[in-house]
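With the first letter of the sequence shown counted as 1, position 104 gets the number 104 in the UniProt record's numbering; the numbers rise by one all the way through. Here a beta-carbon is modelled for each residue, glycine too, at the ideal position from N, C-alpha and C. All figures in this text were calculated on a predicted structure; none of them were measured in a lab. Let me begin by presenting the structure, written as structure tokens, before commenting on it.
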Amino acid sequence: MDPIGMEEARIRAIQLTCKVLLGNLTRITSLKSFPDLFLRLFDLMDQFLEENACSDLLAEVIQESLKNCLLVCENFGVFQGPIEELKTEISGRLEALVVKHSNSSNAL
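Now the structure itself:
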């Protein structure tokens, strides 16, 4: 697949995944596997940012999608109660992500 087509596919996949997550947040957060699912999504976005071929557009989509997911989850109280440790894990990973990408052109 050509690089432009691959980037477009990643952009659409990220946007669709976040829409599904946020649109079904109540049902998805009730799953025991939600913390693992959320961390996997975070890891994939981080992987896409690390790739040399990550354009400014893809980086912007990743950053906005991640921000929206985190804000909505926080407002819905997802990080409270039995999965509160997920907030600590996400905070640590987010700090590492910011440090890692602060020197690149795709800084968060």
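When burial is assigned at 16 or more other CB atoms within 10 Å of the CB, is Ala59 buried or exposed? Here the question's residue 59 lines up with position 59 in the sequence shown. Looking at its Cβ environment, which holds 16 or more other Cβ atoms inside 10 Å, Ala59 is buried.
Using a threshold of 7 angstroms, state whether the C-beta atoms of Leu94 and Asp46 are closer than that. Here residue 94 is taken as the residue at index 94 of the sequence shown, counted from 1. Here residue 46 is taken as the residue at index 46 of the sequence shown, counted from 1. No; because the gap between Cβ atoms is not below 7 angstroms, this pair is not in contact.
Measuring straight from C-alpha to C-alpha, what distance separates Asp56 and Phe48? As a first step, residue 56 must be located in the sequence shown, where it is residue number 56. As a first step, residue 48 must be located in the sequence shown, where it is residue number 48. Their Cα atoms are separated by approximately 12 angstroms.
Helix, strand or coil: how does DSSP classify Val78 here? As a position in the sequence shown, residue 78 is number 78, starting the count at 1. Reduced to three states, the DSSP call for Val78 is coil.
Can the beta-carbon of Ile11 be found less than 7 angstroms from the beta-carbon of Val61? In the sequence shown, the residue the question calls residue 11 occupies position 11. In the sequence shown, the residue the question calls residue 61 occupies position 61. Result yes, Cβ atoms of Ile11 and Val61 sit closer than 7 angstroms.
With respect to the alpha helix (DSSP H) encompassing Leu44, which residues constitute its N-terminal and C-terminal limits? As a position in the sequence shown, residue 44 is number 44, starting the count at 1. Here the alpha helix (DSSP H) through Leu44 covers 34–50.
I believe Leu25 touches Phe76 by the beta-carbon criterion, under 8 angstroms. Please report the beta-carbon distance rounded to the nearest angstrom. Position 25 of the sequence shown, counted from the first residue, corresponds to residue 25. Position 76 of the sequence shown, counted from the first residue, corresponds to residue 76. The pair is a contact, with the Cβ atoms about 6 angstroms apart (cut-off 8 angstroms).
In angstroms with no decimal places, state the Cα-to-Cα distance between Leu39 and Val99. Taking the first residue of the sequence shown as position 1, residue 39 is located at position 39. Taking the first residue of the sequence shown as position 1, residue 99 is located at position 99. Cα-Cα distance, rounded: 18 angstroms.
How is the alpha helix (DSSP H) around Ile83 delimited, first residue to last? Taking the first residue of the sequence shown as 1, we reach residue 83 at position 83. Here Ile83 belongs to no alpha helix (DSSP H), and DSSP marks it neither H nor E.
State the start and end residues of the unbroken alpha helix (DSSP H) segment that holds Leu25. Position 25 of the sequence shown, counted from the first residue, corresponds to residue 25. Where Leu25 is concerned, the enclosing alpha helix (DSSP H) stretches over 25–29.
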